[in-house]
Amino acid sequence: MSPNTLENNLVKLRAPEPADVDLLYAWENNMEIWKASNTVTPFSRYVLKKYIETSHLDIWETKQLRLVIEAKTQSSLMMVPVGLIDLFDFDPFHQRAGIGILIANKEYRQKGYATEALKLLIRYSFETLQLHQLYCNITADNTASFQLFQNAGFERVGVRQEWIKGIDGWKDEVMLQLINPLHSITPS
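In terms of our numbering, the numbers along the sequence shown are unbroken and rise by one, the last being 189.
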C-alpha cells in the first residue's frame with residue numbers, strides 16, 4: 002500500500018478538477034443511476050462547475066466529501082476516471098458519515114475498483130478523520146452494492162419498509178453500518 006491513504010496499486014481517490022465537469026455532467030444526468038442516488042432532477046453544467054469550484058472547502062464546513070475514483074485499467078497505462086465515492090451527512094460531534102459509491106460505466110464494474118476505493122475511503126475516514134462509524138443505505142434489490150459493503154465489514158442494522166419510490170413501485174431500503182474497530186467499546 003502506498004503511504005498515501007487515498008491510493009493503492011489499483012485505484013486513486015482524488016478531488017474533482019475543473020476538467021471533470023463534462024464527466025460529472027454525464028454521470029449525474031444518467032437516469033439509470035438516479036435510482037441509487039435518489040436523484041430526480043438533472044444537474045446543469047453551471048451547477049456542477051460551481052460545485053467543483055467549492056469542492057476545496059473543508060469537510061467540516063461542507064459536511065461532505067466527493068472524490069473521483071481513478072483506476073489503472075488493463076487497456077491503459079494511465080489512470081482513468083471510473084466513478085465517484087462520497088462521504089455525506091458528515092457529523093463531527095457524533096463522528097459519523099454516510100458513504101456512497103458509483104462506478105459509472107458498466108465496463109468498469111466487477112473489476113475490483115469499487116472494493117479498493119471503498120477500502121481506501123474507510124481507512125481515510127477512520128485513521129485521518131477519526132470517525133467512529135460509517136453507514137450506507139441501499140435498496141433491498143441492489144445486491145451488488147449490498148455485497149460490496151458487506152464484504153467490507155458493514156453489518157445490516159435495519160430495514161425501512163417501502164422507503165424508496167421507483168418507476169416499478171416501492172422498494173425497501175437496507176441500512177448498514179461499520180464501527181471503527183479502533184473505537185469499539187469493550188465491556189468490562
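Ideal placement from N, C-alpha and C gives every residue a C-beta, glycine not left out.
- Annotated as proximal: PHE91 and LYS64, with beta-carbon spacing under 9 Å.
- Judged by DSSP secondary structure, GLN148 falls within the alpha helix (DSSP H) whose first and last residues are 144-152.
- Judged by DSSP in its simplified three-state form, ILE70 adopts strand.
- Between ALA72 and TYR114 a beta carbon distance of about 5 Å is seen, short of the 8 Å cut, so the two are scored as contacting.
- Boundaries of the beta strand (DSSP E) harbouring TYR136: 134-140, taken from the DSSP string.
- A Cβ-Cβ separation of about 7 Å places GLU174 in contact with ALA141 under the 8 Å criterion.
- Contiguous alpha helix (DSSP H) elements confined to the stretch 37-106 occur at 46-55, 60-63, taking only those with 4 or more residues.
- The shortest C-alpha to C-alpha distance from LEU7 to any of ARG67, ASP59, ASP23, LEU121 is the one to LEU121.
- Taking the Cβ atoms as the reference, GLN178 lies roughly 6 Å from PHE155, within the contact range of under 8 Å.
- Contact check for LEU58 against LEU85 fails: the beta carbons are separated by 9 Å or more.
- DSSP, reduced to helix, strand and coil, places ILE123 within a helical segment of the structure shown.
- Within the same chain, Cβ atoms closer than 6 Å to the Cβ of TYR136 are found at GLY99, GLN178, the five residues on either side in sequence being excluded.
- A buried status is given to LYS13, since no fewer than 16 other beta-carbon atoms sit within 10 Å of its beta-carbon.
- Boundaries of the alpha helix (DSSP H) harbouring LEU24: 22-29, taken from the DSSP string.
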